[in-house]
Amino acid sequence: MSAPVLEISGSRFAGNLRAVREHLAPSELMLVVKDEAYGHGLDWALDAASDVAWFGAYDVATALHVRERSTARIFAWATSPADEVDAALAGGIDLGVGSWPYLELVIDRARHTKNRGRIHLKVDTGLHRNGIRPEEWEGVIAVARAAHMAGLIEVVGAWSHLAEASDAEDDESAAQFTAAADVWERISGQPLLRHLTASAASWWRPELRGSLSRIGAFCYGIRSADGPPIPGVLPVAALRAEVIEVAEETVTIGIGTLDGLPSILHGAAIGTPAGARELRDLSISESRVATWPGAAVGDRVTVFGPGMQGEGDATSLAEHIGSVGEEILVRLGPRVRREIVV
Ligand SMILES: *Cc1c(COP(=O)(O)O)cnc(C)c1O
1 MSAPVLEISG SRFAGNLRAV REHLAPSELM LVVKDEAYGH GLDWALDAAS DVAWFGAYDV
61 ATALHVRERS TARIFAWATS PADEVDAALA GGIDLGVGSW PYLELVIDRA RHTKNRGRIH
121 LKVDTGLHRN GIRPEEWEGV IAVARAAHMA GLIEVVGAWS HLAEASDAED DESAAQFTAA
181 ADVWERISGQ PLLRHLTASA ASWWRPELRG SLSRIGAFCY GIRSADGPPI PGVLPVAALR
241 AEVIEVAEET VTIGIGTLDG LPSILHGAAI GTPAGARELR DLSISESRVA TWPGAAVGDR
301 VTVFGPGMQG EGDATSLAEH IGSVGEEILV RLGPRVRREI VV
């Protein structure tokens with residue numbers, strides 16, 4: 001029995017990176033590679049994107065892994081314990097700092113390790129997850145300025161994250177963000193990199209883009225749920241499985257919930273040699289699909305991605321269950337073999 005395969009296209013990824021960069025310029029691309037490059041494989045993505053100037057890693061462990069392969073700027077924004085901060089400072093990782101205590105920790109570790117920290121202050125613009133609140137901003141600036149003068153840290157950027165729930169809310173968040181970054185620049189006389197937007201807002205709301213744009217989804221060709229295809233951007237990954245049994249009404253394929261497919265995907269359409277067919281039910285290592293004329297053991301089906309008529313992308317599958325394409329991709333397990341294709 002052959003295992004399912006996630007085919008990953010190098011040329012599509014390169015094309016997406018080109019399209020995204022051209023569309024966002026002069027805002028610079030920060031390629032987000034968290035979650036194993038959204039399930040595509042971190043090392044593959046790093047090698048394929050070796051000319052990217054900024055990587056977004058989320059956590060310090062991932063950032064240090066990127067550092068082994070790249071001399072680019074690397075941004076890690078997970079609030080991390082002291083030992084990880086030490087390793088990040090030694091590795092020249094840019095740190096996202098979203099709270100006063102974390103700022104104090106980074107300054108303290110820079111003093112101890114004698115490695116100067118490069119930090120990006122996160123402004124809370126309404127998501128209330130992580131971020132320095134407006135009433136704290138001037139106090140934080142004073143602390144950061146003092147550490148800056150003492151040579152312990154360099155504040156290189158300001159950033160935030162948008163809810164992307166409505167344009168009006170995002171406008172409000174952007175105004176708060178700009179005001180906060182302006183206060184820093186006025187007090188310090190030093191310009192900041194500014195980054196606020198991820199895929200969707202960077203693409204559709206040019207007026208909100210900063211000097212950097214943190215992009216994951218669109219670089220991998222994952223469109224937003226209920227969103228249109230992105231011009232010049234194509235899905236990078238295609239998930240294929242093999243027919244392992246043919247019965248009267250259904251065909252059994254060798255992929256199931258153990259491979260990461262949500263059990264509630266039944267009813268979604270997948271691509272077969274004869275066009276789209278309904279995915280009927282999913283079990284641990286196999287699933288059943290409505291049959292087609294001439295179906296045979298060894299036939300390949302496309303669960304998502306290009307290559308066979310009737311297929312959708314990871315986002316179409318996700319839409320079927322009220323989720324997002326990223327979630328389908330990052331759930332795929334180790335039994336799914338990654339194969340790099342043109
Ligand atoms: C994941 C993430 C991004 C990238 O978002 P996409 O929608 O995949 O482009 C950007 N910024 C932060 C803080 C993130 O966590």
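This note's numbering numbers the first residue of the sequence shown as 1 and each following residue consecutively. Even for Gly, the Cβ is constructed at its ideal location relative to N, Cα and C.
- The C-alpha of residue 208 lies about 15 Å from the C-alpha of residue 180.
- Closest in alpha carbon position to residue 127, among 112, 165, 271, is 165.
- Just so you know, the alpha carbons of residue 101 and residue 215 end up roughly 28 Å apart.
- Contact annotation: the stretch 76-86 touches the stretch 52-68, with at least three C-beta pairs closer than 8 Å.
- In this structure, residue 215 has its beta carbon less than 7 Å from a heavy atom of ligand 1.
- When secondary structure is reduced to three states using DSSP, residue 122 falls in the strand class.
- Beta-bridge partners of residue 177 (DSSP): none assigned.
- Of the heavy atoms belonging to ligand 1, at least one sits nearer than 7 Å to the Cβ of residue 218.
- Between residue 307 and residue 235, the CB-CB gap reaches or exceeds 8 Å.
- Put simply, of 13, 266, 110 the residue whose alpha carbon is nearest the alpha carbon of residue 342 is 13.
- Secondary structure at residue 25: coil, using DSSP grouped into helix, strand and coil.
- Residue 137: member of the alpha helix (DSSP H) spanning 134-149, first to last residue.
- A distance below 6 Å between beta-carbons, with the five flanking residues on each side excluded, links residue 197 to the following residues of its chain, in chain order: 208, 209, 213.
- When the beta-carbon positions are compared, residue 251 and residue 271 stay at least 8 Å from each other.
- Taking the Cα of residue 226 as reference, the smallest distance to any Cα among 47, 317, 22 is reached at 317.
- In this structure, DSSP gives residue 328 a helical state, which the three-state scheme calls helix.
- If you draw a straight line from the Cα of residue 4 to the Cα of residue 255, it is about 6 Å long.
- Here residue 117 is buried: its Cβ has 16 or more other Cβ atoms, across all protein chains shown, within 10 Å.
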